[in-house]
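All residue numbers for the sequence shown refer to my numbering, where the first residue is 3 and numbers rise by one. Where is the CB? At the ideal position from N, CA and C, for every residue including glycine. Let me begin by presenting the structure, written as structure tokens, before commenting on it.
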Amino acid sequence: MYDNYLSKSDYTKVLIDHAFSVKGIGTVILGIIKKGSVHSNQMLELTGNGSVAKKIIVRSIQKHDRNFKEAREGDRVGLALKGNISVNEISRDNLITTQGIFKGEKEIKAKVHVNQYYQPKNGVISFKDSIQYHGLVEIKSTPLKIIAGDELKPGESGVLTLKFDKPLFHNGNGLRGILCDLTRFENKLRIIGYFEQLLN
3 MYDNYLSKSD YTKVLIDHAF SVKGIGTVIL GIIKKGSVHS NQMLELTGNG
53 SVAKKIIVRS IQKHDRNFKE AREGDRVGLA LKGNISVNEI SRDNLITTQG
103 IFKGEKEIKA KVHVNQYYQP KNGVISFKDS IQYHGLVEIK STPLKIIAGD
153 ELKPGESGVL TLKFDKPLFH NGNGLRGILC DLTRFENKLR IIGYFEQLLN
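This is the structure we're talking about:
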């Protein structure tokens, strides 16, 4: 198989915008090819839903309502899927990827930089505040809590342990994302800073 010869730097990743069912075709997803390429009859996997990844086969590819045998990085596509997968199992939390590449994380140790203009409720970002934040990686997001680490003032960097409600996925090189405060009805800056996973 084509996928067996891929290295960790050479893989396919499709971000999903929407999924629906088409009579006579089956499950179709709309999304964008973030990395690599997709071929008709290629075997990939659906991952990112917190359970075991599912094998799928790309039945057909459409771009701008025309059929193609292949689509490449940057293309917005509609992919008809073969496999034991229903529309109810697919959301924007999922990725379509090369098999065996992506790893889910629910708890990470990360270097965090706090935006100098963010104003924390208690003056610092800390595991002691028990506030629910959000992590954003590409178009995927999840609530999170800080469970250990440094106390960081605006403009500072340090190491924090982040625990996600839903797993976020990466290609083996660690998670990089934005730390947000999505508290409702408060007129304040929502971007706290950014984080980068520390790998052992």
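Problem set entry | Exposed unless 16 or more other CB atoms sit within 10 angstroms - verdict on T185 | By the 10 Å Cβ count, T185 comes out exposed.
Problem set entry | Validate contact between the stretch 23-42 and the stretch 55-75 using beta carbons, cut 8 angstroms, 3 pairs | Counting C-beta pairs with one atom in each stretch, the stretch 23-42 and the stretch 55-75 have three or more that are closer than 8 angstroms, which means they touch.
Exercise. Thinking C-alpha only, which one of T100, N69, V114 and I58 is nearest S88?
Worked result: The shortest C-alpha separation from S88 is found at I58.
Problem set entry | Nearest-angstrom Cβ-Cβ length linking V30 and A82, presumed shorter than 8 angstroms | Taking C-beta atoms under 8 angstroms as the contact rule, V30 and A82 qualify, at a distance of about 5 angstroms.
For this session: Identify, in the order they occur along the chain, each residue of the same chain with its Cβ nearer than 7 angstroms to the Cβ of L154, setting aside the five sequence neighbours on each side.
Result: Result list for L154: V114, V116, V126, I127 and G160, in chain order.
For this session: Throw me the rounded Cβ distance for the G102 and F171 pair, which I believe falls under 8 angstroms.
Result: Contact between G102 and F171 is ruled out by a C-beta separation of about 13 angstroms, above the 8 angstroms threshold.
For this session: Report back the beta-carbon spacing between D67 and K142 to the nearest angstrom; my notes put them in contact at under 8 angstroms.
Result: About 28 angstroms separates the beta carbon of D67 from that of K142, a gap too long to meet the 8 angstroms contact definition.
Problem set entry | Whole-angstrom distance between G85 and E198, CA atom to CA atom | For the pair E198 and G85, the Cα-to-Cα distance works out to about 35 angstroms.
For this session: Work out the CA separation of V24 and T33 for me, nearest whole Å.
Result: Looking at the sequence itself, residue 33 is Gly, so the reference to Thr does not match. Rounded to the nearest whole angstrom, the CA to CA distance from G33 to V24 is 16 angstroms.
For this session: Please report the Cβ distance between F166 and I149, rounded to the nearest whole angstrom; I am assuming they are in contact, meaning their Cβ atoms lie under 8 angstroms.
Result: Not really, about 11 angstroms apart at Cβ, beyond 8 angstroms.
For this session: Determine the closest residue to P122 out of D19, G157 and N173, with distance taken between C-alpha atoms.
Result: Nearest of D19, G157 and N173 to P122, Cα basis: G157.
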